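Structure, as C-alpha cells:
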Amino acid sequence: MPISDRLGMNDVSRPLVGVIDYRTGNSRSVGRALDFLGVPNRMLRVPDDLAGVDRVVLPGVGSAGTTMGYLAAAGWPAVLGSLVAEGEMPFLGICVGLQVLYEASEEQGALCLGWLPGKVRAFGGGAKVPQIGWNQVRPAGAGHPFTRGLADGGDFYFVNSYFAPPGGPEVAATAVYGTEFAAVVARRNIMATQFHCEKSGPAGLRLLETFTALAREELCR
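For reference, each letter of the sequence shown is one residue, going 0 to 220 in numbering that gives the first Met the number 0.
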C-alpha cells in the first residue's frame with residue numbers, strides 16, 4: 000500500500016521538490032522523508048540546480064546568521080525572492096527555515112529574508128534552551144490549505160532556542176514553551192514549520208505530503 004494511502008492522503012501527481020542543501024542544515028533527513036513518501040526530490044546547492052523543480056524546501060538545524068551567510072554566498076536570496084516572495088513557487092521552511100523568513104533575528108544579529116514582518120527572539124523567562132522534544136501545536140487564524148490536516152493539539156518535534164512572534168495573519172498554528180510562539184506560518188505560497196515535520200512521525204509526514212500536493216492555483220488565488 001502506498002505511503003500516501005497509509006497516511007490517509009489522496010493519490011496525487013508528484014512534482015519535483017528541491018531541497019536546499021547546505022552544511023549546517025538538515026537537508027538529508029528531509030530528502031529521506033520525501034523518498035519515504037515517494038515524492039521525487041533533488042538536493043540543490045546553487046540556484047542553477049533549480050531547473051525542472053516545482054517547489055522548494057529550506058530545512059534548518061544551524062543558526063540564523065550562518066544560514067543567511069550560506070544563502071547569500073550561494074546567491075539564493077534574490078532568486079528565491081523573485082520566484083517565491085514575488086512569484087508563485089510553493090516554499091516550505093523548516094525550523095531555522097521558518098525563522099529566516101522574518102526581517103531579523105536576535106541570533107547572531109542576523110538580517111533575514113524579510114518576507115514576513117517582525118523579529119525572531121530568544122526564549123527567556125528561565126526556559127531551558129534549546130527546547131528539544133515533543134510539544135503540542137494548535138491551529139490559529141482563519142486557516143490555510145497547508146494546515147487543513149493539522150489536528151488540534153497534535154504533538155510535533157521541536158529543536159529551537161529562538162522563536163517567531165505568535166501574532167499576525169500569517170501565523171497558522173502556535174505552541175507554548177514558556178511563552179506562546181509561532182509553530183506554523185502560512186501566507187499564500189510561503190509555508191513554514193518551527194518543528195521538524197520530517198522527524199514528527201505520521202502527523203509531520205502528512206504535513207510534508209500536503210505541501211507536495213498543493214496546487215499553485217490553490218495557494219495563490
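Cβ coordinates follow ideal geometry from the N, Cα and C atoms, glycine included. Computed from a predicted model, the values in this text were never measured in an experiment.
Rounding to the nearest angstrom, what Cα-Cα distance links residue 118 and residue 14 in this structure? Residue 118 and residue 14: Cα-Cα distance of roughly 33 Å.
Tell me, to the nearest whole angstrom, how far the beta carbon of residue 132 is from that of residue 156; I am working on the premise that it is less than 8 Å. For a cut-off of 8 Å, the C-beta gap from residue 132 to residue 156 is around 7 Å, short enough to register as a contact.
Can you name the start and end residues of the beta strand (DSSP E) that residue 225 belongs to? With the chain covering 0 to 220 only, the question about residue 225 has no answer from this structure.
Residue 101 to residue 113, Cα distance in whole Å? One C-alpha to the other measures close to 5 Å.
Helix or strand or just coil, what does DSSP make of residue 90? It is a strand residue.
How would you call residue 138, buried or exposed, if buried means at least 16 neighbouring beta carbons within 10 angstroms? Buried, since its Cβ has 16 or more Cβ neighbours within 10 Å.
So what does residue 138 bridge to, in DSSP terms? Answer is 172, bridged to residue 138.
Start-end ranges of the beta strand (DSSP E) lying completely within the stretch 144-219, minimum 3 residues: Entirely contained in the stretch 144-219, the beta strand (DSSP E) runs reaching 3 residues are, in chain order, 153-159, 170-176, 178-186, 189-192.
Measuring alpha carbon to alpha carbon, tell me which residue in 61, 48, 150, 52 is nearest residue 74. Of 61, 48, 150, 52, the residue nearest in Cα terms is 48.
Just curious, the alpha helix (DSSP H) that residue 78 is in, first and last residue? Per DSSP, residue 78 belongs to the alpha helix (DSSP H) from 75-79.
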